[in-house]
Amino acid sequence: MVDERSESSPLVRIRSLLPGLARAEQRVAKVVLDNPASVARRSITEVADAAGTSETTVTRFCKAIGVGGYPELRIALAADTARTEARAERDLGGEIGPEDDLAQVVRKVTFADARAVEETADQLDVATLQQVVDVIAAAGRVDVYGVAASAFVALDLQQKLHRIGRVSFAWNDTHIMLTSAAVLGSGDVAVGISHTGATTDTVEALRTARQHGATTVALTNFPRSPITEVADFVLTTAARETTFRSGAMASRIAQLTVIDCLFIGVAQRHLPTAMGALEATRDAVGPHRLETRPDGRRKTRETGK
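Take 2 as the starting number for the sequence shown in the numbering used here and just add one per residue.
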């Protein structure tokens, strides 16, 4: 269930669909992404020349990203440029260079994280999110799969669901993911988290869960990636990873944003139970927190003597 809503940013859609485009279409995408405001003012011939391709390829590219044709692309880019002008002063370029001092690093990282959250929210298909909330709220068991940085996001979802009394497990070992998926069935839900949507371990686990009757959900940045082929529902993020992609920074923040929305939706469906469970778990860990006074100093524990 790929969401390609016309109201979302065309640039976000282009970035998310980029890996699945033909090579010539990717060259057109690069021209658009490099200078969208300029493309909004240029003719189709000029864009084709800049991309080293034909006008037919530009038209095919427009259809591939869901805008119909080149005139519609120009209108969408012009509107998107107008929307982002107000944020232009905040755009720090994203790339972190070796010459950047720590203050610049802080500004660029926080800007990239904030932009990932904003753009993820803008393009998130709320109708699909509601369907995922419904199936998880009714599930007998929820298994969450993710490796590397996505494993931490999977653990976050598992921990949140567990705290409101939902049976949930997070797995990041390939063999355990597959054995977990093999024992799921109708009424269970499997969630696969992968920024690229091409992580073999996660895709295989989700495929296995689906083959055994579980409802499958994918959370990815790319709506035409392999993981979407084995998912009944697809939730997408809109994160741009640049210089330090291996750190999986903005993508993790974007994934956690969707997870938070999903968790709140499920908790609302079981509000009395969820609130009771949250209170019980808070009370359980309470004795393991140091008490502090308003001035920040530790309180002396009561000894009972």
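All residues carry an ideal CB built from backbone N, CA and C; glycine is no exception. Quick caveat, the model's predicted, so the values are computed rather than measured.
Query, Result
"What separation, rounded to the nearest whole angstrom, lies between the Cα atoms of T258 and T238?", "9 Å"
"What distance in whole Å lies between the Cβ atoms of G147 and V168, which are believed to be in contact at a cut-off of 8 Å?", "About 18 Å; that fails the 8 Å criterion."
"What residue range is occupied by the uninterrupted beta strand (DSSP E) comprising L125?", "Where L125 is concerned, there is no enclosing beta strand (DSSP E), given that its DSSP letter is neither H nor E."
"Tell me which same chain residues have a C-beta within less than 6 Å of the C-beta of S10, skipping the five on either side of it?", "D81"
"Which two residues bound the contiguous alpha helix (DSSP H) that contains I177?", "T175 to A183"
"Once the 5 residues before and after T60 are set aside, which same chain residues still bring their CB inside 7 Å of it?", "G70 and Y71"
"From D202 to I228, what distance separates their C-alpha atoms?", "10 Å"
"Is the CB-CB distance between A128 and V145 below 7 Å?", "no"
"Inspect the beta-carbon positions of A255 and T121 and report whether they are closer than 7 Å.", "yes"
"Just to confirm my understanding: we take V286, look at its own chain, exclude 5 residues before and 5 after, and list those with CB closer than 6 Å. What are they?", "none"
"Hey, could you find the ends of the beta strand (DSSP E) R142 is sitting in?", "R142 to Y146"
"Between the stretch 52–59 and the stretch 18–26, can you find at least three pairs of beta-carbon atoms closer than 8 Å?", "yes"
"Tell me the rounded alpha-carbon separation between T180 and Q132.", "26 Å"
"Taking C-beta to C-beta, are G266 and V134 nearer than 7 Å?", "yes"
"With 7 Å set as the bound, which would you pick, yes or no: does the beta-carbon of A51 sit closer than that to a beta-carbon of chain C?", "Going by chain labels, chain C is absent from the structure shown, which holds only one protein chain."
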